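**Student:** For the sequence shown, the working numbering gives the first residue as 817, with consecutive numbering after it. Built from N, CA and C at the ideal position, the CB exists for glycine as well. Remember, it's a predicted structure, so these values are computed and weren't measured experimentally. Pasting in a structure now, in C-alpha cells, and then I'll have a few things to ask.
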Amino acid sequence: MADAQQQLQALSDEYQKLQQDLQNSINSRQKLESQQQENKGVQKEFASLKEDANIYKLVGPVLLKQDKTEAVMAVDGRLEFIDKEIKRIEKQIKDVQEKSDQIRSQIIQIQSEVQPQAAAAQAV
817 MADAQQQLQA LSDEYQKLQQ DLQNSINSRQ KLESQQQENK GVQKEFASLK EDANIYKLVG
877 PVLLKQDKTE AVMAVDGRLE FIDKEIKRIE KQIKDVQEKS DQIRSQIIQI QSEVQPQAAA
937 AQAV
C-alpha cells in the first residue's frame with residue numbers, strides 16, 4: 817500500500833512537471849506566432865513598396881539605410897526560420913501531451929487498484 821502511494825506520488829510529480837513543460841512550450845509557440853504575424857506584416861509592406869523606396873533598419877540607436885532586396889531576403893529568412901521553429905515546438909507539444917496522457921492513465925490505473933484495497937482495510 818505504501819509502495820503504491822510512493823509510486824502514485826512519483827507519477828503525480830512527473831505529471832505536474834510535464835504540464836509545466838507543456839505550458840512553457842505553448843508560450844514559446846505563441847511568441848513565435850506573434851513574431852510570424854509581425855514579419856508577415858513587414859513582408860506585405862515590402863510588397864507594396866516601389867523598387868527604389870528607401871528602407872531603414874534600426875541597429876541599436878541608429879537607423880541604417882538598407883537595400884530593398886536585402887531587407888526582403890532578411891524578412892523571408894526570418895519567416896522561414898520561424899516556420900521551422902513553430903513546427904519543432906508543435907512536435908514537442910504533441911510528444912509532451914502523449915507522455916502526459918500515458919502518465920495520467922497510469923495514475924488512474926494505480927488509483928483504481930489502491931481504492932478497493934483501502935476500502936477493504938477500513939472494513940477490517
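What residues are listed by DSSP as bridge partners for Leu865?
**Tutor:** The residue you call residue 865 lines up with position 49 of the sequence shown. DSSP output for Leu865 lists no bridge partner at all.
**Student:** Given a threshold of 16 other Cβ atoms within 10 Å of its Cβ, counted over all protein chains shown, does Ile924 qualify as buried or as exposed?
**Tutor:** Taking the first residue of the sequence shown as 1, we reach residue 924 at position 108. By the 10 Å Cβ count, Ile924 comes out exposed.
**Student:** When you compare only the Cα positions, how much space is there between Ser916 and Tyr831?
**Tutor:** If you number the sequence shown from 1, residue 916 lands on position 100. If you number the sequence shown from 1, residue 831 lands on position 15. The straight-line gap from Cα to Cα measures roughly 6 Å.
**Student:** Is it right to say Asn843 is buried, meaning 16 or more other beta carbons lie within 10 angstroms of its own, or is it exposed?
**Tutor:** Within the sequence shown, numbered from 1, the residue matching residue 843 stands at position 27. It is exposed - the Cβ of Asn843 has fewer than 16 other Cβ atoms within 10 Å.
**Student:** What residues in its chain sit with their C-beta under 8 Å from that of Gln859, if we drop five residues either side in the sequence?
**Tutor:** By 1-based counting over the sequence shown, the position of residue 859 is 43. Closer than 8 Å at Cβ, skipping near neighbours: Val888, Val891, Asp892 and Leu895.
**Student:** By alpha-carbon positions, which one of Ile926, Ala936 and Gln938 ends up nearest to Gln821?
**Tutor:** Numbered from its first residue, the sequence shown carries residue 821 at position 5. Of the candidates Ile926, Ala936 and Gln938, the one whose C-alpha sits nearest the C-alpha of Gln821 is Ile926.
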